[in-house]
Amino acid sequence: MTDGEKWVVGGILAILVTASIVIRVLPHQAESESYIELKRRVRSWWIMVFIFVGALVIDRRLSVIVFAFISFLALKEYVSAIPTRRVDRRALFWAYLSIPVQYYWAGTGYYGMFIVFIPVYLFLLIPLRLVIAGETKGFLRAAGTLHWGLMVTVFSLSHGAFLLSLEGGSGLLLYLVVLTQGNDVAQFISGKSFGKRKIVPLVSPNKTWAGFIGGVIITSGLAMALAPLLTPLSAAESAIAGVIIAVGGFFGDLTVSAVKRDLGIKDMGATIPGHGGVMDRVDSLTYTAPLFFHLVYYLHF
Amino acid sequence: MKRWPKILFYVIIVRPIVLVIMGLNVRHRERLLKGAAILVVNHNSPLDTLAVASIVPMADLHRLRPVGARDYFCRNAFCEMLSRNLLGVIPLERRPKRGEDLFGECVEALNNGDLLIIFPEGTRGEPEERVPFKAGVGRLVEKCPAVPMIPIFLRGCGKSLPRGESLFVPFVCDVVVGEPLSFAGDRRAVADQLEAAMDSLEETLPVPTGWDELDSV
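Sequences listed follow chains R and F, in order. Per this note's numbering, the very first residue in the first sequence carries number 1; after that it's consecutive. Per this note's numbering, the very first residue in the second sequence carries number 1001; after that it's consecutive.
Here it is in structure tokens:
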């Protein structure tokens, strides 16, 4: 770990400690539902930071495995939430099997395969398997939903893992994850404080212009502040990275919200107490990971 | 019965598969009770027993006794040995002879304070489709009127491993534990009482909307 990474990890821990102290000290009704929910949420943050930072400190390969496991949990939540036909089971099995393969390319830094494996080979294999299964009623829906699920839960997220195969990769990954999650929090807080006009009320009533703009400002500021510690990005580049992450995170969140609304469910799962499912936590990352990856890959590698 | 092979089997093999690979979404686990009880479960998949076994506290695992068809679990001596020692199965005759004591072993287990798992549908049938409960559950409860029945509704295991399939595909499975029910005095009413409880548990789960026309395929 570089000194810059240590500072940032120290900063994350300091924020968590502060949050834990504040929710204990602040006046509250101990039994109220929202207080218990807040406590759960902070405790889950501790666990997530522990796993993410722990893996990053111990070994690069371990981090890749953790990412692959997150993809597995997210894909499983997704296919459990959408209606599937019994004949889709074989194709679903192949979709699951693509996870270790995709993360193998990511972990070994084999860019050519990494970038085509899912959008070319899997997207051809899945309909092929569905055709062999032989049921045409609902075929397009099955192929379409599976493609989209693989794209979001496996292909997109694996860009985070591929960052680790680049020089200084752990810093880049830390930068991406801190900014993405920070942007979620920044949008939430500025939306709660100033938000009035809704952007897309039909998809998410909680998304306001003030929240969005506040997120962009705070996230690009944070991006410029953290860039020298974690990345090779210049000041201008890091400002662009911040804007990309803020806008991408906003739409990643909204896209998953739209899926949930279509399915008529509130959360994708219940794996993370206080947050919902894994997919609810990494929704922004499904957009920011590939967008940020290609920015740094284009600029510096 | 030796308890260690069974506990180790459930803890080392069953729980990791059910909780990590498949994944359970459990509601109202706190409704499980300490003493003897009959866990009444709807049946979709061979995984159902394992799913229920994964929500029972570790300290109660040795008390867990799934009641299963003799013709399935005791096909041969080896199967019977595994079923009895690892799963803790109580075999039940599906086509009993006249005058045979069908529930002898079940009653004995309940008197020992065990947790019985019964599937009153009698078969796994079509995955994720419930068939009417059989009357036998009433006969069993009549013999042990003091033992509470705990309905447990499962959804999703039938997608992970439906009957007749050998390929396991991970799906998150919903588990809803109901309030304990007590025997009301009429054995013929038991099946209906349990089915009504199952219906209300099923209603607590969110239903995906707008896709209905595909469910039958």
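Here a beta-carbon is modelled for each residue, glycine too, at the ideal position from N, C-alpha and C.
Q. Which partner residues of ILE1117 (chain F) appear in the DSSP bridge assignment?
A. Here residue 1117 (chain F) refers to the residue found at position 117 of the second sequence. According to DSSP, which records beta bridges pairwise, ILE1117 (chain F) is partnered with F:LEU1039, F:PRO1066.
Q) Are the CB atoms of LEU92 (chain R) and VAL1169 (chain F) nearer to each other than 8 angstroms? A) Here residue 92 (chain R) refers to the residue found at position 92 when the first sequence is read from its first residue. Here residue 1169 (chain F) refers to the residue found at position 169 when the second sequence is read from its first residue. Their beta carbons are under 8 angstroms apart, which means LEU92 (chain R) touches VAL1169 (chain F) by this criterion.
Q. Which residues share a DSSP beta bridge with ILE1090 (chain F)?
A. The residue you call residue 1090 (chain F) lines up with position 90 of the second sequence. Answer is F:VAL1067.
Q. If we count the other Cβ atoms within 10 Å of its Cβ and call it buried at 16 or more, is ARG79 (chain R) buried or exposed?
A. The count along the first sequence starts at 1 and reaches residue 79 (chain R) at position 79. Per the sequence shown, residue 79 (chain R) should be read as Val rather than Arg. Buried, since its Cβ has 16 or more Cβ neighbours within 10 Å.
Q. Which runs of the alpha helix (DSSP H), 4 residues or longer, sit entirely within the stretch 137-221 of chain R?
A. 139-150, 157-163, 169-194
(Q) Strictly under 8 angstroms for the Cβ-Cβ distance: is PRO1162 (chain F) near chain R by that measure? (A) On the second sequence, position 162 is the one that residue 1162 (chain F) refers to. Cβ-Cβ to chain R under 8 angstroms: yes for PRO1162 (chain F).
Q) Between the stretch 1069-1088 of chain F and chain R, which residues of the former have a C-beta closer than 7 angstroms to a C-beta of the latter? A) none
Q: Starting from GLY276 (chain R), follow its DSSP beta bridges and name the residues at the other end.
A: Within the first sequence, residue 276 (chain R) is the residue found at index 276, counting from 1. GLY276 (chain R) pairs with R:ILE272.
Q.
I want to see whether chain R comes within less than 8 angstroms of VAL1067 (chain F), judged by CB atoms only; does it?
A. One-based indexing of the second sequence puts residue 1067 (chain F) at position 67. For VAL1067 (chain F), the answer is no, since every Cβ of chain R falls outside 8 angstroms of its Cβ.
Q) Going along chain F, which residues have a C-beta under 8 angstroms from ILE47 (chain R)? A) Residue numbering aside, residue 47 (chain R) sits at position 47 when the first sequence is read from its first letter. None at all; the shortest Cβ gap to chain F is about 16 angstroms.
Q. Taking the continuous beta strand (DSSP E) assigned at LEU1024 (chain F), which residues delimit it?
A. Within the second sequence, residue 1024 (chain F) is the residue found at index 24, counting from 1. Its beta strand (DSSP E) spans residues 1024-1027.
Q) When we look at the beta-carbon of LEU124 (chain R) and count the other beta-carbons within 10 Å, is it buried (16 or more) or exposed? A) Reading the first sequence from its first residue, position 124 is the one you call residue 124 (chain R). When all chains shown are included, LEU124 (chain R) counts as exposed.
Q) Can you tell me whether ARG281 (chain R) is buried or exposed, with buried defined as 16 or more other CB within 10 angstroms of its CB? A) Residue 281 (chain R) sits at position 281 when you count from the first residue of the first sequence. Buried, since its Cβ has 16 or more Cβ neighbours within 10 Å.
Q. When the Cα of MET279 (chain R) is compared with those of R:ALA106, R:GLY149, R:GLU135, which residue comes out closest?
A. Numbered from its first residue, the first sequence carries residue 279 (chain R) at position 279. Comparing Cα positions, the closest option is R:GLY149.
Q | LYS207 (chain R) versus ARG24 (chain R): straight-line alpha-carbon distance, rounded | A | Indexing the first sequence from 1 puts residue 207 (chain R) at position 207. Indexing the first sequence from 1 puts residue 24 (chain R) at position 24. In a straight line, the C-alpha of LYS207 (chain R) is about 29 angstroms away from that of ARG24 (chain R).
Q: Work out the CA separation of MET268 (chain R) and PRO1127 (chain F) for me, nearest whole Å.
A: Residue 1127 (chain F) sits at position 127 when you count from the first residue of the second sequence. Residue 268 (chain R) sits at position 268 when you count from the first residue of the first sequence. Distance between the alpha carbons of PRO1127 (chain F) and MET268 (chain R): 23 angstroms.
Q) Any idea what DSSP makes of ALA1197 (chain F), helix, strand or coil? A) The residue labelled residue 1197 (chain F) in the question sits at position 197 within the second sequence. Reduced to three states, the DSSP call for ALA1197 (chain F) is helix.
Q: Answer with yes or no whether the minimum CB distance from ALA89 (chain R) to chain F is below 8 angstroms.
A: Here residue 89 (chain R) is taken as the residue at index 89 of the first sequence, counted from 1. For clarity, residue 89 (chain R) is Arg in the given sequence; the question names Ala instead. At least one chain F Cβ lies under 8 angstroms of ARG89 (chain R).
Q. Between the C-alpha atoms of PRO1206 (chain F) and LEU1047 (chain F), what's the straight-line distance to the nearest angstrom?
A. As a first step, residue 1206 (chain F) is located in the second sequence; it is residue number 206 there, counting from the start. As a first step, residue 1047 (chain F) is located in the second sequence; it is residue number 47 there, counting from the start. If I take the Cα positions, the gap works out to 22 angstroms.
Q: Could you tell me which of R:PRO201, R:SER238, R:ILE118, R:LEU254 sits nearest to ILE218 (chain R), measuring between CA atoms?
A: Against the first sequence, residue 218 (chain R) aligns to sequence position 218. Answer by Cα proximity: R:SER238.
Q.
With a threshold of 8 angstroms between beta-carbons, can PHE93 (chain R) be considered close to chain A, or not?
A. This model lacks chain A altogether; the protein chains it does include are R and F.
(Q) Once DSSP output is grouped into helix, strand and coil, what is the label at LEU1032 (chain F)? (A) Here residue 1032 (chain F) corresponds to residue number 32 of the second sequence, with the count starting at 1. Coil, per DSSP.
**Q.** CB-CB length for PHE1133 (chain F) against GLU1142 (chain F), believed under 8 angstroms
**A.** Along the second sequence, read from residue 1 onward, the residue named residue 1133 (chain F) stands at position 133. Along the second sequence, read from residue 1 onward, the residue named residue 1142 (chain F) stands at position 142. 15 angstroms between Cβ atoms; not a contact.
Q | Cβ-Cβ distance between ALA223 (chain R) and ILE245 (chain R) below 8 angstroms | A | Locating residue 223 (chain R) in the first sequence gives position 223, counting from the first residue. Locating residue 245 (chain R) in the first sequence gives position 245, counting from the first residue. Yes, the pair counts as a contact, with Cβ atoms nearer than the cut-off.
Q: Name the two residues that bound the continuous beta strand (DSSP E) containing PHE251 (chain R).
A: Locating residue 251 (chain R) in the first sequence gives position 251, counting from the first residue. That residue, PHE251 (chain R), is in no beta strand (DSSP E); its alpha helix (DSSP H) goes 235-263.
Q: Please confirm if LEU1019 (chain F) has its CB atom under 8 angstroms from at least one CB of chain R.
A: For the purposes of this step, residue 1019 (chain F) is taken as the residue at position 19 of the second sequence. Output row for LEU1019 (chain F): interface = no.
**Q.** Environment of LEU202 (chain R) [buried if 16+ CB atoms lie within 10 Å]
**A.** Taking the first sequence and counting its residues from 1, the one referred to as residue 202 (chain R) is at position 202. Flag for LEU202 (chain R) reads exposed.
Q) Using the C-alpha atoms, what's the distance from VAL49 (chain R) back to GLN181 (chain R)? A) Along the first sequence, one-based indexing puts residue 181 (chain R) at 181. Along the first sequence, one-based indexing puts residue 49 (chain R) at 49. Using only the alpha carbons, I get a separation of about 11 angstroms.
Q: Decide if the stretch 1137-1157 of chain F is in contact with the stretch 1177-1197 of chain F; the criterion is three or more beta carbon pairs, one per stretch, under 8 angstroms apart.
A: yes
Q.
Tell me the DSSP secondary structure of LEU1214 (chain F) in three-state form.
A. For the purposes of this step, residue 1214 (chain F) is identified with residue 214 of the second sequence, where counting begins at 1. Below a pLDDT of 50, predicted positions are generally treated as unreliable, and LEU1214 (chain F), at 49, falls in that range; no measurement from the model is reported.
Q.
Residues of chain F with CB closer than 9 angstroms to the CB of GLU77 (chain R), please, in chain order.
A. In the first sequence, residue 77 (chain R) corresponds to position 77, counting from 1. What GLU77 (chain R) touches in chain F: GLY1023, VAL1172.
Q: Give a yes or no on whether the C-beta atoms belonging to ARG1106 (chain F) and LEU1116 (chain F) are separated by under 8 angstroms.
A: Sequence index remark: in the second sequence, residue 1106 (chain F) carries index 106 (1-based). Sequence index remark: in the second sequence, residue 1116 (chain F) carries index 116 (1-based). Strictly speaking, residue 1106 (chain F) in this sequence is Cys, with Arg absent from that position. For CYS1106 (chain F) and LEU1116 (chain F), yes; Cβs fall inside 8 angstroms.
Q.
What does the Cβ neighbour count give for CYS1079 (chain F), buried or exposed, with the cut at 16 atoms within 10 Å?
A. Walking along the second sequence from the start, residue 1079 (chain F) turns up at place 79. Exposed, since its Cβ has fewer than 16 Cβ neighbours within 10 Å.
Q) Helix, strand or coil: which one does DSSP assign to VAL1176 (chain F)? A) Here residue 1176 (chain F) corresponds to residue number 176 of the second sequence, with the count starting at 1. Three-state result, VAL1176 (chain F): strand.
Q | Closest Cα partner of GLY1113 (chain F) within the set F:ASP1192, F:GLU1203, F:ILE1038 | A | Start at 1 with the first residue of the second sequence, and residue 1113 (chain F) comes out as number 113. Cα-wise, what sits closest to GLY1113 (chain F) is F:ILE1038.
(Q) With three or more beta-carbon pairs closer than 8 angstroms as the criterion, would you say the stretch 1172-1182 of chain F touches the stretch 1057-1066 of chain F? (A) no
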